[in-house]
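Note that the protein sequences, when read in sequence, are chains A and B. Following this note's numbering, the numbering of the first sequence begins with 912 at its first residue and continues without gaps. Following this note's numbering, the numbering of the second sequence begins with 912 at its first residue and continues without gaps.
2 protein chains.
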Amino acid sequence: MNFSPLLDHVLKHITLTEEEQSYFVSLLNVKKIKKKQYLYEEGDINKGPAFVTQGILRAYSLDKNGFEHVIQFAPPGWWIGDMYSFIKQQPGRLYIDALEDSEILWLWKSDVEKLYNQVPKFERFFRILAENAIAAYQGRLISNLSFPAIERYAQFCNQYPALIEHLPQKQIASYIGVTPEFLSKMLNSPSPK
Amino acid sequence: MNFSPLLDHVLKHITLTEEEQSYFVSLLNVKKIKKKQYLYEEGDINKGPAFVTQGILRAYSLDKNGFEHVIQFAPPGWWIGDMYSFIKQQPGRLYIDALEDSEILWLWKSDVEKLYNQVPKFERFFRILAENAIAAYQGRLISNLSFPAIERYAQFCNQYPALIEHLPQKQIASYIGVTPEFLSKMLNSPSPK
DNA sequence: CGACAAACTTAATGTAGATTAAGGGAGGAA
DNA sequence: TTCCTCCCTTAATCTACATTAAGTTTGTCG
């Protein structure tokens, strides 16, 4: 297994000795997830954040009519997880599955705690990670509340150009908060961008 | 000035010696904000998070038609800030003002960095704070994407019962993402809850 | 290769919520 | 008191987007 994408990512924010690095790596679990399989099994609450090394994961919620609403995509190099479930240690409201055959690295919640105690610098790392996520969520909320669908689509294209090619249109529709039919109509209408 | 609400809040998550506590307090700035005044002045990017001790603050974005969209309310005991602007050190997209005469404690960005160096336990404190905020934003997004307006209102009432009484209806309408007219109609229609 | 499912399109109809416009009540300042 | 501003309400009209229902194209896998 090649841990260097994750290590590089960590080392961008904090410095670690060789021993600290190998301790961190020793806590990591590898998991291969086939397309359509889930990251967490039913009621899995002791699993911590997951770092994507291959493929694409997706977090979504379900409404009462059974429709999916995409909360986040995670291509390689991104983290994904149900933060509510993780913090409160309660079953969450998020489903996380793979849109393609994928591979992730993940930590047990208890190992994350150990890591904080053994190498407190990781408190800093995950603080920075969390702050960036907040900024992203704030931006997403602004977008949802303040812009019409066509501009949310344009913003998505700007922010995630690599994803546009990779993702079925209906997933993008779900992310920006419209039906696949409406997105299709938007894209094939007067100003077809 | 009475710092104990903030100190109590901090001490719920980390333990601090007397000296650490007074060092922390020495970095705090107090500011009184009158109703309708702003937390940040034009282009203020070196100011860090603000902790509300009295009153209510509000963060909102503006759309191209000049309409306000509330991203967050902050009653006493809550933190508020423009995380994007804080992290990227760029002008943000959020306006933060007071809905009532208020009082806050705030830190310079540079003092937050000093605090992390002098008392690394604060990395842990702000990590926990940030993680909780993520959980809240995830919940808000789920709510916005997956539920109709009337249920978003019900959820708001459940989550912030104290705010319902305190806030003008139009602010709540803006938070749940509808016009004041429509909220009024909803509340005075068939099942008036 | 054939076939079955999944992805995209098109179009008719339906609806949640926006917009516009008007009027009424409560509080504050002079 | 009177005026003014802010807040809430009601109602008519409008629109962005959903729903339903075909049909078409693309992919995938036995």
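Heads up, the beta-carbon is just placed ideally off N, CA and C, and yes, glycines get one too. Owing to the predicted nature of the structure, the values given are computational and were not obtained by experimental measurement.
For residue j and residue i, the rounded distance between their alpha carbons
| i | j | result |
| --- | --- | --- |
| residue 1037 of chain B | residue 946 of chain A | 36 Å |
| residue 948 of chain B | residue 1008 of chain B | 5 Å |
| residue 1004 of chain B | residue 1044 of chain B | 18 Å |
| residue 956 of chain B | residue 921 of chain B | 24 Å |
| residue 960 of chain B | residue 934 of chain B | 17 Å |
| residue 1105 of chain A | residue 938 of chain B | Coverage of chain A is limited to positions 912 through 1104, which leaves residue 1105 of chain A absent and any answer about it impossible. |
| residue 978 of chain B | residue 1064 of chain B | 20 Å |
| residue 1023 of chain B | residue 999 of chain A | 27 Å |
| residue 1104 of chain B | residue 1059 of chain B | Only weak support exists for where residue 1104 of chain B lies, its pLDDT of 32 falling under 50; the coordinates are left without a value. |
| residue 992 of chain A | residue 1027 of chain B | 26 Å |
| residue 928 of chain B | residue 918 of chain B | 12 Å |
| residue 997 of chain B | residue 1033 of chain B | 17 Å |
| residue 1071 of chain B | residue 963 of chain B | 16 Å |
| residue 926 of chain B | residue 1066 of chain A | 43 Å |
| residue 942 of chain A | residue 1021 of chain A | 18 Å |
Chain-ordered chain B contacts of residue i [CB-CB under 7 Å]
| i | result |
| --- | --- |
| residue 938 of chain A | Neighbours of residue 938 of chain A on chain B: none; closest Cβ ~17 Å, over 7 Å. |
| residue 1034 of chain A | 1034, 1035 and 1038 |
Residue-level contact to chain B via CB, residue i, 8 Å cutoff
| i | result |
| --- | --- |
| residue 959 of chain A | no |
| residue 1088 of chain A | yes |
| residue 1060 of chain A | no |
| residue 1042 of chain A | yes |
| residue 956 of chain A | no |
| residue 1069 of chain A | no |
| residue 1004 of chain A | yes |
Cβ of residue i within 8 Å of any chain A Cβ
| i | result |
| --- | --- |
| residue 1093 of chain B | no |
| residue 941 of chain B | no |
| residue 1050 of chain B | yes |
| residue 1064 of chain B | no |
| residue 972 of chain B | yes |
| residue 1079 of chain B | no |
| residue 1021 of chain B | no |
| residue 1103 of chain B | Because residue 1103 of chain B carries a pLDDT of 35, less than 50, the predicted location of this residue cannot be relied on, and the following value inherits that uncertainty. No, residue 1103 of chain B does not count as interfacial toward chain A. |
Contacts that residue i makes with chain A (C-beta to C-beta distance below 8 Å)
| i | result |
| --- | --- |
| residue 995 of chain B | 1046, 1049 and 1050 |
| residue 980 of chain B | 1053, 1056 and 1057 |
Any non-hydrogen atom of the ligand SAM within 7 Å of residue i CB
| i | result |
| --- | --- |
| residue 926 of chain B | With respect to the ligand SAM, the structure offers nothing, as it holds no ligand at all. |
Per-residue contacts from residue i into chain A (C-beta, under 7 Å)
| i | result |
| --- | --- |
| residue 1031 of chain B | 1031 |
| residue 998 of chain B | 1042, 1043 and 1046 |
| message | Could you check whether the region 963 to 982 of chain B touches the region 1084 to 1093 of chain B, counting it as contact only if at least three pairs of C-beta atoms, one from each stretch, sit closer than 8 Å? | response | yes
| field | Those runs of the alpha helix (DSSP H) which lie wholly inside the region 925 to 1000 of chain A and span at least 4 residues | value | 929 to 938 and 994 to 999
| 4-residue-minimum alpha helix (DSSP H) runs that sit fully inside the region 1037 to 1075 of chain B, ordered along the chain | 1060 to 1070
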